Each structure stands twice: as C-alpha cells, then as structure tokens.
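Start counting the sequence shown at 50; every next residue gets the next number (our numbering). For glycine and all other residues, C-beta sits at the position ideal for the given N, C-alpha and C. Remember, it's a predicted structure, so these values are computed and weren't measured experimentally.
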Amino acid sequence: MKLAFSTLGVPGLPVPEVLALATAHGYHGVELRAHPEEPVHPGLSPAGRAEVAALFEGAGVEVLGVAGYARVAAPGDDAPVLEEIRQLLRLAHDLGAPFVRVFPGADPDRPREESDAVAARRLGTAAEDAAALGVRILLETHDSHRTGADAIRILGPVGHRQVGALWDVMHTWLGGEQPADSYAALSPHLGYVQVKDIASAEDTNPLPLGAGVLPLTECVDVLTRHGWDGWLCWEYEKRWYEGAAPLPELLGEGREHLVRLLGEAA
50 MKLAFSTLGV PGLPVPEVLA LATAHGYHGV ELRAHPEEPV HPGLSPAGRA
100 EVAALFEGAG VEVLGVAGYA RVAAPGDDAP VLEEIRQLLR LAHDLGAPFV
150 RVFPGADPDR PREESDAVAA RRLGTAAEDA AALGVRILLE THDSHRTGAD
200 AIRILGPVGH RQVGALWDVM HTWLGGEQPA DSYAALSPHL GYVQVKDIAS
250 AEDTNPLPLG AGVLPLTECV DVLTRHGWDG WLCWEYEKRW YEGAAPLPEL
300 LGEGREHLVR LLGEAA
C-alpha cells in the first residue's frame, strides 16, 4: 500500500514545504485540502495549477486527491452542488490527482430515502464530468452517512465506476460498524482509506497513530487479507484542534507505525 498525509494537518503550509515534509519522511503522496484558506483551491489560476503540478512531479510525490466540501445530499437545488463538484474535478484534473472527495451532508430532518435519492442523482450526473476528466468522485463516510452501510445506500443506486467511496475509519467506528463490515460494504467502490487516531468517542482531538482507540490494526488487517493495495492517508485534523501537537514532528513515527501494521498484517 502507498502512504499519504492530508494538508488538513498542516493548515496553510506552502506547497514546497508540504513536499519537503513528504519527501523527508517517506510519504508517497499528499491529499490536498481544497479550501480558499489553503494554497490550493478551485480559485487557483491556470498558472498556479501548473506550478503546483510541476512541484509535485519534481519532488516525486503524488497528489492523491483533492479534498473538497461539496455536500451531495444537502437540501436545495442541484445546480450549485454540481457546479462545486465540477470545479473540484477540473482542479484535480489539472493537478493530475485521481480523486475528489465529497461529503454526504444530508438534512437530519429530511426523510432518509429522499436524501439518498438526491445524492445518488447528483453523483450520477457528476459522474459523466468525472469520466470526461479522468477523475473519480469519492463519497466519504462522514456526517449523515458515517458508516459503510449508510454510504452504500447512495453508491449502490449510482452504479458508475467514476463514483466511489472514501473510508474514514473514525466515522465508521463512531457509527458502531466493525472494520470487516465497513470493508464488505465499501470494497466494490473503495478509492482510498483515511486513517487517524483519537482518545475516545467523546474526545476526538487528533493523536499520533497508535496512541488512541481507533481499530487501525483491524482495518489494515482486513485490507491486507482481501488483497487491497491502495492508499492509506493520514488525516490529522490539526485545522480543527489548535491545541493538538504539530503534525510535522509526528510524521516520521506515524509512517513507521503504518509500515509496522502493514508488516504484521502481511
């Protein structure tokens, strides 16, 4: 498996410095948080996109994905959501990234079936744009659809190879789903896996990998046993928890922990 980390852990850090961290600590790729407060976002100029792509290529590091904030099950018209996804797809294409991340974001007061149908319809429409650009849209297990069983209610009806799943191991765990069950639901659609660690369901401050309660060993084991050979991306949520330890000083040990888990699972 290949290893990456998310720029959510180093908010606002210039791309050259992100790449220096990746190369220094042996990560194969970086997931770019696509938000206006970050160096890379959908408003970036064509010249800026070309520069970022060249920097990654020169460093020998891959752009794993563009982590956007489109909410495919959100209330309202389809058009703004679809345009937000299309902007993310164009950005990913220009950077050479294979994936775009989107959220479910359903209204809890809306009937579940309606939200699922809206999300599936939007993703099915956006899938055609994704296919034309050679990028895959990944629905993250998150918020209103935090388990694999939740996500499959949307992904199943879409039935398009350019739409898949991003397994966030924290959210499936918080949803009470076992890693084997998450994998069983998501495996036909799985793009990549986000790993992290926390102290408890009540305390989700980010911790070094292996220092918390998330079932990382079980997750890696189930992936390995089924021969899955994709990406593990460490999403350290420093942006939301200012008191968390700085990610750069944890990257080396984090990679060693993941390599150790992969070795034990082999």
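Rounded to the nearest angstrom, what separates TYR118 and VAL151 at their Cα positions?
6 Å
Taking ASP127 as the reference, which of ALA168, LEU140, SER94 has the closest Cα?
ALA168
Assumed close pair LEU172, VAL242 - CB separation to whole angstroms, cut-off 8 Å
In fact, because the Cβ distance is near 20 Å, the residues do not count as touching under 8 Å.
Return the chain-ordered list of same chain residues with a C-beta closer than 8 Å to the C-beta of VAL25, the five sequence neighbours on each side being excluded.
The structure shown does not extend to residue 25, since the chain spans only 50 to 315, so no value can be given for it.
Near ASP192, which residues of its chain fall below 7 Å by C-beta distance, leaving aside the five closest residues on each side in sequence?
PHE152, PRO153, GLY154
In DSSP terms, what ASP217 is bridged to
GLN243
Do the stretch 96-103 and the stretch 178-198 make contact, defined as three or more Cβ pairs closer than 8 Å?
no
For the beta strand (DSSP E) holding ALA294, just list the boundary residues, first then last.
Counting along the chain, ALA294 falls outside any beta strand (DSSP E), and DSSP gives it neither H nor E.
4 or more residues per run - each alpha helix (DSSP H) lying fully within the stretch 161-215
161-182, 197-207
Measuring only the C-alpha atoms, how far is ALA246 from GLY301?
The sequence given here has Asp at residue 246, not Ala. Their Cα atoms are separated by approximately 16 Å.
Buried or exposed: TYR290, going by 16 or more other Cβ atoms within 10 Å of its Cβ?
exposed
In angstroms with no decimal places, state the Cα-to-Cα distance between LEU265 and GLY312.
13 Å
If you measure between the beta carbons of LEU258 and VAL244, is that distance less than 9 Å?
yes
Write down the C-beta distance between GLU286 and PRO255 rounded to the nearest angstrom, noting that I regard them as a contact closer than 8 Å.
5 Å
Could you name the residues of the same chain whose beta carbon sits closer than 8 Å to that of GLY225, not counting the 5 residues immediately before and after it, in chain order?
THR196
Check the C-beta distance from MET116 over to ARG82 and give it rounded, since I have them as a contact under 8 Å.
According to the sequence as given, residue 116 is Ala; it is not Met. Confirmed, about 5 Å.
Once you ignore the five residues that flank ALA144 on each side, which residues in its own chain have a CB closer than 8 Å to its CB?
Here residue 144 is Leu; the residue named in the question, Ala, does not match the sequence. Excluding residues within five positions, the ones whose Cβ falls inside 8 Å are LEU81, VAL89, ARG98, VAL101, ALA102, PHE105, VAL112, VAL115.
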